[in-house]
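A short write-up of the structure that comes next.
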Amino acid sequence: MESSDLMDNLPSLQFEQGVREEEIPWLFLQSRSRGLMIQACAHAAFFCRLLWVLRKMEESTLVSMLPLEEEEEDPYKKPSKKELRVGIIGGGRLGKQLALVLLHRAFIPPQNLHISTRRPEILNDLQKMGIQCFYHNCFLVQWANLIFLCCLPSQLSHICMEINPRLDKFCIVYSLVTAVPLPRLKQLLCHTSILHPQYQCAENYVDIWGSNEDISSALQDPDIVHASSPYSPDGGVTVNIKWLEAVFYAALNTCTLKKIPYPQVLEILTNLCLSIHPPTCGEDKSNCPRFIVTDFVNQAFAKTLNPSNVFPWFDLITVQLKETPFSQHLRKTVTLQEHLTVLYCASFGISLSQEIEEEEEREEEEKAPGLYP
Numbered sequence: 006m007e008s009s010d011l012m013d014n015l016p017s018l019q020f021e022q023g024v025r026e027e028e029i030p031w032l033f034l035q036s037r038s039r040g041l042m043i044q045a046c047a048h049a050a051f052f053c054r055l056l057w058v059l060r061k062m063e064e065s066t067l068v069s070m071l072p073l074e075e076e077e078e079d080p081y082k083k084p085s086k087k088e089l090r091v092g093i094i095g096g097g098r099l100g101k102q103l104a105l106v107l108l109h110r111a112f113i114p115p116q117n118l119h120i121s122t123r124r125p126e127i128l129n130d131l132q133k134m135g136i137q138c139f140y141h142n143c144f145l146v147q148w149a150n151l152i153f154l155c156c157l158p159s160q161l162s163h164i165c166m167e168i169n170p171r172l173d174k175f176c177i178v179y180s181l182v183t184a185v186p187l188p189r190l191k192q193l194l195c196h197t198s199i200l201h202p203q204y205q206c207a208e209n210y211v212d213i214w215g216s217n218e219d220i221s222s223a224l225q226d227p228d229i230v231h232a233s234s235p236y237s238p239d240g241g242v243t244v245n246i247k248w249l250e251a252v253f254y255a256a257l258n259t260c261t262l263k264k265i266p267y268p269q270v271l272e273i274l275t276n277l278c279l280s281i282h283p284p285t286c287g288e289d290k291s292n293c294p295r296f297i298v299t300d301f302v303n304q305a306f307a308k309t310l311n312p313s314n315v316f317p318w319f320d321l322i323t324v325q326l327k328e329t330p331f332s333q334h335l336r337k338t339v340t341l342q343e344h345l346t347v348l349y350c351a352s353f354g355i356s357l358s359q360e361i362e363e364e365e366e367r368e369e370e371e372k373a374p375g376l377y378p
C-alpha cells in the first residue's frame, strides 16, 4: 500500500523548516540514511527472490526471477521444509520496512515470514497481512532457514548468545547490523553461513532517494531500482561487490543442499541469471556469458569433479573476506556485470531496455520540441 505525506504541499511544516542555519550542512545525512535503507532492503529482496526460486524449483532447470511469472500462493498453506522460510529479528523501522519489501517486492508469502521483536503488539498492520509477529528468538531460528538481523548493535551480543545453540548449520544469517564486522559475527555465532553487505557513501552525489514514500513503494521507481543495483554509482551509496559474490555462492550452497549435480547447477544459474539480455547484446546472443565450473572453483579442483558430483559447501565468510575465482571472473567480464544488472532490475519488474528507449525518446523531444504536439 502506497503512503502519501499530508505535509507535501505545506513548506512551513517540512522537516527542513525546523533546522537551524548552522545545522543545514548536515541535512544530507537524512538522504544518505534513506539511501542506505533502500539499498539494504532492495539487496535483501533480490537475495530472497533468488533463494525462493531455487528452493521452489523441482526437476526443471527452466526457472525465472521475473515477478510476473510467479504463481499465486495459497495464503493458508503452511510452508514446507523445502521452501524458503524467512525470520527477521528486530521489529523496528528497518525490520518492518524489510518485511514489507520482502512481502511486496520479493513476493515471499506472508506465511513464510516471521518476526521476533520485543514489542510484537506494535506490528498489528503486519499481522493483519498474515505475518506472524512474536518475541521468541530461539523459536524463530529453529523455524527459519534464512535469518535477518535487524537489531541494534548493543543488542547483538545477547541475541547471538541466545540463538547460537539453536542455529542450524545450513541456516543463512544475513546481518544488517552494519557496526559489527564479519569476523566478530563469526565469533559470536560460531557460524560460517553469514552474509554482511558493506556500503560506501560518496561525498558528492545527486539525491534521488526521495523522502515521503515507504521503501516498498520507492522500489517501484525505475530510477531508484537502477541506482540500487550493485554496479550503479547513482545516488552516492554503493555496495561492496563481495556481497554479490556471496549471493552466488549461497545459491550454490542451496543447490548443494538439494543434491543437484554441478553441471545441472551451472545450467540452472545460467537460465535463471543470464537469460535476460542487456540492449548491448543485440540480436546475436552467441557471445553472451554462460556459467562454467571454473567461474566458481579453481581449475585444479574442477578436474577432480565427476558429472554426478555436487559443488562443495562454501564458507560464505571466506568468500566475502578473500579473493575467489568468481571475484576474478566478475571483475574482468563486463558483459556478465551488464547481464546481472539487467537481472537485478528485472527481478523488481523494471526493464532496462524499456527505460533506455523512454530516455532516448525524452532526449529527442528536448532536441526538437516543435516536432511534438
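The numbering used here applies: residue 6 is where the sequence shown begins, and numbers increase by one. Every residue, glycine too, gets a C-beta built ideally from N, C-alpha and C.
Next on the checklist: Give me, in chain order, the residues of the same chain whose beta-carbon lies closer than 8 Å to that of Phe-33; leave out the 5 immediate sequence neighbours on both sides.
Outcome noted: Against the sequence shown, residue 33 aligns to sequence position 28. Residue confidence for Phe-33 is low, a pLDDT of 49 falling below 50, so the modelled location carries little weight; the figure read from the coordinates is stated next. Counting only Cβ-Cβ distances below 8 Å, and skipping sequence neighbours, we find Asp-212.
Checklist entry - Apart from the five residues on each side of it in sequence, which residues of its chain come closer than 6 Å, Cβ to Cβ, to Cys-278? => result Here residue 278 corresponds to residue number 273 of the sequence shown, with the count starting at 1. The answer, listed in chain order, is Leu-348.
Checklist entry - Can you tell me the Cα-Cα spacing of Ala-104 and Arg-110, whole angstroms? => result Locating residue 104 in the sequence shown gives position 99, counting from the first residue. Locating residue 110 in the sequence shown gives position 105, counting from the first residue. The alpha-carbon atoms of Ala-104 and Arg-110 are separated by roughly 10 Å.
Checklist entry - Do the segment 248-257 and the segment 311-324 make contact, defined as three or more Cβ pairs closer than 8 Å? => result yes
Checklist entry - In the structure shown, what three-state DSSP assignment does Ile-136 receive? => result The count along the sequence shown starts at 1 and reaches residue 136 at position 131. Ile-136 falls in the coil class under three-state DSSP.
Item to check | Buried versus exposed, by CB contacts within 10 Å (16 or more), Arg-39 | outcome: Here residue 39 corresponds to residue number 34 of the sequence shown, with the count starting at 1. When all chains shown are included, Arg-39 counts as buried.
Next on the checklist: Taking the alpha-carbon of Pro-330 as reference, which of Val-302, Leu-108, Cys-143 has the nearest alpha-carbon?
Outcome noted: Taking the sequence shown and counting its residues from 1, one reaches residue 330 at position 325. Closest option to Pro-330, Cα to Cα, is Val-302.
Checklist entry - Just how far apart, CA to CA, sit Ser-233 and Ser-69? => result Position 228 of the sequence shown, counted from the first residue, corresponds to residue 233. Position 64 of the sequence shown, counted from the first residue, corresponds to residue 69. Distance between the alpha carbons of Ser-233 and Ser-69 is about 21 Å.
Checklist entry - Beta-carbon separation of Leu-181 and Leu-89 under 8 Å? => result Along the sequence shown, one-based indexing puts residue 181 at 176. Along the sequence shown, one-based indexing puts residue 89 at 84. Their beta carbons are not under 8 Å apart, which means Leu-181 does not touch Leu-89 by this criterion.
Checklist entry - In terms of alpha-carbon separation, which member of Cys-165, Thr-340, Phe-296 lies closest to Pro-283? => result As a position in the sequence shown, residue 283 is number 278, starting the count at 1. The candidate whose alpha carbon is nearest that of Pro-283 is Thr-340.
Item to check | Lys-61 to Asn-311 span [Cα, whole Å] | outcome: In the sequence shown, the residue the question calls residue 61 occupies position 56. In the sequence shown, the residue the question calls residue 311 occupies position 306. Using only the alpha carbons, I get a separation of about 26 Å.
Checklist entry - Would the beta-carbon of Gln-132 fall within 8 Å of that of Ile-220? => result What you label residue 132 is simply residue 127 of the sequence shown in a count that begins at 1. What you label residue 220 is simply residue 215 of the sequence shown in a count that begins at 1. Against a cut-off of 8 Å, the Cβ pair of Ile-220 and Gln-132 comes out as no contact.
Checklist entry - Going by Cα to Cα distance, which pick from Glu-288, Gly-287, Val-298, Asn-292 is closest to Leu-274? => result Counting from 1 along the sequence shown, the entry for residue 274 is found at position 269. Ranking Glu-288, Gly-287, Val-298, Asn-292 by Cα distance to Leu-274 puts Val-298 first.
Checklist entry - Buried or exposed: Thr-183, going by 16 or more other Cβ atoms within 10 Å of its Cβ? => result Position 178 of the sequence shown, counted from the start, is the residue given in the question as residue 183. The residue in question, Thr-183, is exposed, as its Cβ has fewer than 16 Cβ neighbours within 10 Å.
Checklist entry - Between the Cα of Leu-200 and the Cα atoms of Lys-191, Trp-214, Val-178, which residue gives the shortest distance? => result Taking the first residue of the sequence shown as 1, we reach residue 200 at position 195. Comparing Cα positions, the closest option is Val-178.
Next on the checklist: According to DSSP, is His-48 part of a helix, a strand, or is it coil?
Outcome noted: As a working note, residue 48 is residue 43 in the sequence shown. Helix.
Next on the checklist: So, with DSSP's three-state summary, where would you put Ile-220?
Outcome noted: For this step, residue 220 is matched to residue 215 along the sequence shown. Ile-220 falls in the helix class under three-state DSSP.
Checklist entry - Is it buried or exposed for Ser-121, if we count other Cβ within 10 angstroms and need 16 for buried? => result Residue numbering aside, residue 121 sits at position 116 when the sequence shown is read from its first letter. Ser-121 should be labelled buried.
Next on the checklist: I need the boundaries of the beta strand (DSSP E) containing Leu-118, first residue and last residue.
Outcome noted: Here residue 118 refers to the residue found at position 113 of the sequence shown. 118-121 is the extent of the beta strand (DSSP E) around Leu-118.
Next on the checklist: Taking its Cβ as the centre, do 16 or more other Cβ atoms sit within 10 Å of Glu-27, making it buried, or is it exposed?
Outcome noted: Residue mapping note: residue 27 aligns to position 22 of the sequence shown, counting from 1. Low confidence applies to Glu-27: its pLDDT is 47, below 50, so where it sits in the model is not reliable, and the reading given next is rough at best. With fewer than 16 Cβ atoms within 10 Å of its Cβ, Glu-27 is classed as exposed.
Checklist entry - For the beta strand (DSSP E) that Tyr-204 lies in, which residues bound it at each end? => result On the sequence shown, position 199 is the one that residue 204 refers to. Taken as a continuous stretch (DSSP letters only), the beta strand (DSSP E) holding Tyr-204 covers 204-206.
Next on the checklist: Quick check on this structure: which residue in Lys-327, Leu-345, Pro-188, Thr-309 has the alpha carbon closest to the alpha carbon of Arg-295?
Outcome noted: To locate residue 295, count along the sequence shown from 1; it is residue 290. Selected option, being the one with the closest Cα: Leu-345.
Item to check | Backbone secondary structure at Tyr-254 - three-state DSSP | outcome: Position 249 of the sequence shown, counted from the start, is the residue given in the question as residue 254. Tyr-254: helix per DSSP, three-state reduction.
Checklist entry - Where do the ends of the beta strand (DSSP E) carrying Tyr-179 lie? => result Residue 179 sits at position 174 when you count from the first residue of the sequence shown. Unbroken beta strand (DSSP E) run through Tyr-179: 177-180.
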